[in-house]
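Here the structure is laid out as C-alpha cells; the discussion comes afterwards.
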Amino acid sequence: MPTNVHPLAVEVEARIAAAPENVWEFVSDITVPARFSGELQKVEWLDGATAPSVGARFTGHNHNTRLGEWSTVSEVAEFDPPRAFVWRVVGAEDALATWRFDLVPESSGATLLRHHVRTGPAFTPLDDFIARNPDKKEKAISVRREALQTNMRATVEGVRGLCEDA
Numbered sequence: 003m004p005t006n007v008h009p010l011a012v013e014v015e016a017r018i019a020a021a022p023e024n025v026w027e028f029v030s031d032i033t034v035p036a037r038f039s040g041e042l043q044k045v046e047w048l049d050g051a052t053a054p055s056v057g058a059r060f061t062g063h064n065h066n067t068r069l070g071e072w073s074t075v076s077e078v079a080e081f082d083p084p085r086a087f088v089w090r091v092v093g094a095e096d097a098l099a100t101w102r103f104d105l106v107p108e109s110s111g112a113t114l115l116r117h118h119v120r121t122g123p124a125f126t127p128l129d130d131f132i133a134r135n136p137d138k139k140e141k142a143i144s145v146r147r148e149a150l151q152t153n154m155r156a157t158v159e160g161v162r163g164l165c166e167d168a
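All residue numbers for the sequence shown refer to the working numbering, where the first residue is 3 and numbers rise by one.
Written out as C-alpha cells, the structure reads:
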C-alpha cells in the first residue's frame with residue numbers, strides 16, 4: 003500500500019490560567035474533544051478499557067458535511083501525566099494520523115496547551131481523494147487543514163473554558 007504522499011500537520015495552542023494537573027483532567031478524558039469539535043461526535047473505550055494507558059484503544063465517531071460519517075479506532079501511544087497524551091489512528095498497516103496534547107507549565111502558574119495532528123505515515127483518505135482528483139489537490143488540502151484547525155481550536159478553547167470556569 004502506498005505511503006502518505008500529502009502529509010498534513012496542524013497545531014493550535016491556548017494559554018490556560020490553570021496548573022497542568024488541572025488541565026490534564028480534561029485533556030486525558032477522551033470524551034472532552036467531542037463536546038467542542040464540530041466533527042468528532044462521540045468517543046468510546048474499546049476492549050474493556052475505562053481510562054487511558056499505553057496500548058488502550060478507543061473508537062471515535064465523526065461527521066463532516068463534505069466527508070460524511072465515519073468511525074476510527076485509535077490506540078494510546080504515549081501517556082505521560084501531566085505532560086503528554088498521544089494517540090494514533092489505526093490503519094490497516096500503519097497509523098493514518100497521530101494526535102497529541104502537550105502541556106507546558108509556565109512560571110506564572112498557567113499552562114500552555116498544544117494540540118497537534120499529523121497525518122500518515124499510511125496512505126490516508128485525503129491521499130486517495132487527491133489521487134482520484136489531482137486537479138483539486140490544493141483546495142482539498144486547504145479545506146481539510148482549515149477544518150482541522152477550526153475543530154482543534156474549538157477543543158483547546160473548550161478545555162480553557164472548563165479549566166478557567168471551574
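Don't be surprised by glycine CBs; every beta carbon is placed ideally from N, CA and C.
- The Cβ-Cβ distance between residue 14 and residue 105 does not fall below 7 Å.
- Separation of residue 116 and residue 41 (C-alpha to C-alpha, rounded to the nearest whole angstrom) is 19 Å.
- The shortest C-alpha to C-alpha distance from residue 92 to any of 109, 59, 32, 139 is the one to 59.
- Secondary structure note for residue 70: its beta strand (DSSP E) is the uninterrupted segment 70-82.
- Counting only runs of 4 or more residues that sit fully inside the segment 55-141, the alpha helix (DSSP H) segments are 127-134, in chain order.
- Secondary structure of residue 21 (DSSP, three-state): coil.
- If you draw a 10 Å sphere on the C-beta of residue 129, you find 16 or more other C-beta atoms in it, and that means buried.
- With 16 or more neighbouring CB atoms inside 10 Å of its own CB, residue 12 falls in the buried class.
- It is roughly 15 Å from the alpha-carbon of residue 135 to the alpha-carbon of residue 69.
- Residue 102 holds the alpha-carbon nearest to the alpha-carbon of residue 81 among 74, 35, 102, 9.
- For residue 13, the beta-bridge partners assigned by DSSP are 118.
- Beta bridge pairing from DSSP links residue 150 with no other residue.
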